[in-house]
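S.K.:
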Amino acid sequence: MTGKIFTEGKKYSFSDYCEMGKPEDEIINSLGYSFSVQEIHLPQSTEIDREVTENLRSLYYAIIPKVSVSSESAKRELMIAPILHGILKTTDARLNMEYPVEVNEKLGGVLDYLLRSKQQIIVVEAKKGDLEKGFKQLAAEMIAVDIYNESDSPEQIYGAVSIGEVWRFAVLEREKKHMMKDIHTFRFPEDLESIFSILKGILEKQ
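Per our numbering, the sequence shown starts with residue 135, numbered consecutively.
Dropping the structure here:
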């Protein structure tokens, strides 16, 4: 049985979802969408600039031992943003940081990162240390972007939540109003090429 998720008269920000005690499926269902956890065959680019990824990996190994990354902002700046900057170098995508979206009293706030190409949209949420709590926030953000973006294109909205060392992807099927959470996670820097390939593959998807 799905319990009460929202308090009448209260305005919710995206960050509030991170702290909700209810399971992610109940939260997503309460927003009018269905939900599943499954293996997602994410788009992947075969044209990866190895020089870019190797530079990112080298920078990581050189800097991280000398810097404290205990805060969310530090992880955004040192572990997540460099990957997105690398994506910008190799695609025609545009990046909005701290992008405000206001839909209604249940969905509003600021997206950490919004990547957009001519064909696709990716919402990226950075969290300090709890991937599962972060996914609840990401799901709310993706649903807000779906409603906010009235166009029928693209057919899917992609999302990623990262705690710096780990990434997890999600897909929102807009027509079906169905959210899919990928069963797999990807590690940084070990799986950097895979993370880079997926982000690039999504943005280049026709």
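Even glycine gets a Cβ: it sits at the ideal position worked out from N, Cα and C.
Where does Gly143 fall in DSSP's three states?
M.R.: coil
S.K.: State buried or exposed for Met231, treating a residue as buried only when at least 16 other CB atoms are found within 10 Å of its CB.
M.R.: exposed
S.K.: According to the Cβ coordinates, are Ile277 and Tyr167 closer than 8 Å?
M.R.: Yes, they are a contact pair.
S.K.: In angstroms, rounded to a whole number, what distance separates the CA positions of Phe269 and Glu158?
M.R.: Cα-Cα distance, rounded: 8 Å.
S.K.: My output table needs one value for Leu241: the three-state DSSP class, helix, strand or coil.
M.R.: coil
S.K.: Run through DSSP, which three-state label would Tyr195 get?
M.R.: helix
S.K.: Is DSSP giving Pro157 helix, strand or coil here?
M.R.: coil
S.K.: Assuming Ile329 and Phe322 form a contact by the criterion Cβ under 8 Å, report the distance between their Cβ atoms to the nearest whole angstrom.
M.R.: Going by Cβ atoms, the distance from Ile329 to Phe322 rounds to 6 Å, so yes, they are a contact pair.
S.K.: Can you grab the Cα-Cα spacing for the pair Lys334 / Ala227, in whole Å?
M.R.: 9 Å
S.K.: Quick check: the Cα distance between His312 and Arg302, rounded to an integer number of angstroms?
M.R.: 17 Å
S.K.: Which whole-angstrom value describes the C-beta separation of Val201 and Leu212, a residue pair presumed to lie in contact below a C-beta threshold of 8 Å?
M.R.: Yes, they are in contact, since the Cβ atoms of Val201 and Leu212 sit about 6 Å apart, within 8 Å.
S.K.: Starting from the C-beta of Leu337, find all residues in its chain whose C-beta is less than 6 Å away, skip the five residues before and the five after it, and write them out in chain order.
M.R.: Thr225, Ala227, Ser251 and Gln254
S.K.: Considering only the alpha carbon of each residue, which of Glu188, Lys261 and Tyr292 lies closest to Ile82?
M.R.: Given that the chain is displayed from residue 135 to residue 340, the structure contains no residue 82 and the question cannot be resolved.
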